[in-house]
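*Asks:* Residue 1460 is where the sequence shown starts when you use our numbering, and the numbers rise one by one after that.
Every residue gets a Cβ at the ideal spot worked out from N, C-alpha and C, and that includes glycine.
The structure is given below, and queries will be raised subsequently.
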Amino acid sequence: STPAYDPSNIFAKILKGEIPSHKLYEDDDTVAFMDVMPQAPGHLLVIPKQGSRNLLDADPAVLSKLMPVVQKLANAAKTAFAADGVFIAQFNEPAAGQTVFHLHFHVIPRHEGQPLKP
Ligand code: 5GP
1460 STPAYDPSNI FAKILKGEIP SHKLYEDDDT VAFMDVMPQA PGHLLVIPKQ
1510 GSRNLLDADP AVLSKLMPVV QKLANAAKTA FAADGVFIAQ FNEPAAGQTV
1560 FHLHFHVIPR HEGQPLKP
């Protein structure tokens, strides 16, 4: 089963204001900010305020509030960066590429013919 949530992760510190972020959006349940190492211009992250390690242990009620924000910011980023499409990514556990253990959705504007950085 999924390991317990560790509240010392870096996104928990961003939520508490203990480390800085370029915040784009906030409501009672959700925050969005720029990824510090963007895979493409406009790469942002959407996270719930409630702590879960990843999607596997998330409360569906939290997801139901989070996903409309992912959708809203995907559209906003697509417009702001004049993108052709938007890549949404989300990783669960190290074997799948997860490095920060607070649930987050990547929102990455994509342009025709411009590959993601490795
Ligand atoms: P993942 O866990 O989905 O593989 O990746 C975590 C993402 O968080 C990476 O894209 C990484 O660049 C981003 N990230 C890691 N540390 C920080 C940070 O301190 N601030 C911000 N804004 N993003 C971070």
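Less than 6 angstroms between C-beta atoms, sequence neighbours within five positions excluded: which residues of the same chain meet that for LYS1524?
*Replies:* Along the sequence shown, read from residue 1 onward, the residue named residue 1524 stands at position 65. Within the same chain, LYS1524 has close Cβ partners ASP1488.
*Asks:* DSSP on THR1538, reduced to helix/strand/coil?
*Replies:* Mapped onto the sequence shown, residue 1538 falls at position 79. Secondary structure at THR1538: helix, using DSSP grouped into helix, strand and coil.
*Asks:* DSSP beta-bridge partners for GLU1485?
*Replies:* Walking along the sequence shown from the start, residue 1485 turns up at place 26. GLU1485 is bridged to VAL1490.
*Asks:* In the DSSP assignment, find the beta strand (DSSP E) that holds ILE1473 and state where it starts and stops.
*Replies:* Numbered from 1 along the sequence shown, position 14 holds the residue referred to as residue 1473. Premise fails: ILE1473 lies in the alpha helix (DSSP H), 1469 to 1474, not in any beta strand (DSSP E).
*Asks:* Please say whether GLN1573 and ALA1499 have beta carbons closer to each other than 8 angstroms?
*Replies:* For the purposes of this step, residue 1499 is taken as the residue at position 40 of the sequence shown. For the purposes of this step, residue 1573 is taken as the residue at position 114 of the sequence shown. The Cβ-Cβ distance between ALA1499 and GLN1573 falls below 8 angstroms.
*Asks:* Would the beta-carbon of ALA1536 fall within 8 angstroms of that of GLY1510?
*Replies:* Within the sequence shown, the letter at position 77 stands for residue 1536. Within the sequence shown, the letter at position 51 stands for residue 1510. Cβ atoms of ALA1536 and GLY1510: not closer than 8 angstroms.
*Asks:* If you measure between the beta carbons of ILE1478 and HIS1561, is that distance less than 8 angstroms?
*Replies:* For the purposes of this step, residue 1478 is taken as the residue at position 19 of the sequence shown. For the purposes of this step, residue 1561 is taken as the residue at position 102 of the sequence shown. For ILE1478 and HIS1561, no; Cβs fall outside 8 angstroms.
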